[in-house]
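Novice:
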Ligand SMILES: [Fe+2]
Ligand SMILES: [Fe+2]
């Protein structure tokens with residue numbers, strides 16, 4: 031397996047691995063994001079079995095040992111399966127996550143003590159600033175959260191907007207239609223009454239780039255895409271409860 035590396039915003043690298051056997055014939059991507067700064071951050075560690083490929087890709091940009099922060103959307107194998115491999119490769123790295131993730135899973139599962147991020151807390155990476163936002167159960171996982179990098183306006187939005195296929199690294203095309211189709215296919219979201227409001231809350235950040243874990247990154251009116259996604263989840267909820 032190989033992972034492709036593309037800079038999708040200034041100092042934000044998308045490291046993408048494509049697995050053709052998942053959801054064939056389209057296949058499926060797993061994307062990991064490296065945010066450069068005095069204290070470099072990796073968002074999504076990747077699956078444990080993907081670690082050699084993701085590490086090799088990261089090391090085309092910077093030595094793995096320089097990583098300072100490891101963060102991810104929620105506790106699940108594709109988001110954080112190789113967390114401890116990264117902690118071993120980067121002796122100064124710490125895992126950071128919301129209070130729920132740390133208390134429910136990471137205090138036990140991480141080989142070094144994780145840092146708790148409060149909702150809306152900003153971490154200064156030196157040249158980049160990431161704001162952590164709790165999004166419980168959205169799209170799934172009690173511990174779910176996202177990061178917004180404020181200098182580039184990049185929302186590291188995890189599993190939101192998941193789509194199948196191996197598209198370009200960065201697109202300005204429609205990402206809402208493919209996300210609706212993937213939701214119909216996988217039913218991966220934990221449909222709940224807070225979805226629309228929480229996703230609209232992220233729209234208030236007005237991100238110019240959306241960094242999807244499964245799909246191309248998007249450059250454009252991130253708020254409009256988030257509003258359209260929120261509207262579709264409201265529609266699903268109405269349908270489910272009608
Ligand atoms: Fe997930
Ligand atoms: Fe994921």
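In my numbering, the protein residues as written are 31 to 272. Glycine included, each C-beta is placed from N, C-alpha and C at the ideal position.
Put residue 187 into one of helix, strand or coil per three-state DSSP.
Specialist: Here residue 187 sits in coil by DSSP.
Novice: In the DSSP assignment, the alpha helix (DSSP H) including residue 259 goes from what residue to what residue?
Specialist: Run containing residue 259: 252–271, per the alpha helix (DSSP H) assignment.
Novice: Is it the case that the Cβ atoms of residue 71 and residue 101 are separated by a distance below 8 Å?
Specialist: For residue 71 and residue 101, yes; Cβs fall inside 8 Å.
Novice: Would you say the beta carbon of residue 213 comes nearer than 7 Å to a heavy atom of ligand 1?
Specialist: For ligand 1, not one heavy atom lies less than 7 Å from the Cβ of residue 213.
Novice: At a cut-off of 7 Å, is residue 189 close to ligand 1 when judged by its beta-carbon and the heavy atoms of the ligand?
Specialist: Residue 189 Cβ: within cutoff of ligand 1.
Novice: Run through the segment 73–146 for me and flag every whole alpha helix (DSSP H) of 4 or more residues, listed as ranges in chain order.
Specialist: Within the segment 73–146, the complete alpha helix (DSSP H) runs of at least 4 residues are 81–88, 107–110, 113–119.
Novice: Are the C-beta atoms of residue 240 and some chain C residue less than 8 Å apart?
Specialist: Any reference to chain C falls outside this structure, which holds one protein chain only.
Novice: Alpha helix (DSSP H) containing residue 47: first to last residue?
Specialist: First-last for residue 47: 42–49, but that is the beta strand (DSSP E), not the alpha helix (DSSP H).
Novice: What separation, rounded to the nearest whole angstrom, lies between the Cα atoms of residue 191 and residue 206?
Specialist: The alpha-carbon atoms of residue 191 and residue 206 are separated by roughly 7 Å.
Novice: What does DSSP give as the partner residues of residue 217 in its beta bridges?
Specialist: In DSSP, residue 217 forms no bridge with anything.
Novice: Is it the case that the CB of residue 62 approaches a heavy atom of ligand 1 more closely than 7 Å?
Specialist: Incorrect: residue 62 has no Cβ contact closer than 7 Å to ligand 1.
Novice: What residue range does the alpha helix (DSSP H) around residue 233 cover?
Specialist: Start and end: 225–233.
Novice: So, at 8 Å on beta carbons, what are the nonlocal neighbours of residue 215 in its own chain, with the 5 sequence-adjacent residues on each side left out?
Specialist: Only 53, 194 meet the Cβ criterion.
Novice: Helix, strand or coil: how does DSSP classify residue 199 here?
Specialist: Three-state result, residue 199: coil.
Novice: So, using beta-carbon positions, are residue 173 and residue 245 closer together than 8 Å?
Specialist: Cβ atoms of residue 173 and residue 245: not closer than 8 Å.
Novice: According to DSSP, what are the bridge partners of residue 175?
Specialist: According to DSSP, residue 175 bridges with 164.
Novice: Between which residues of its own chain and residue 132 is the CB-CB distance below 7 Å, once the five residues before and five after are set aside?
Specialist: Cβ within range, chain order: 144, 146.
Novice: Along the chain, where does the beta strand (DSSP E) containing residue 64 start, and where does it finish?
Specialist: Residue 64 -> beta strand (DSSP E) spans 58–65.
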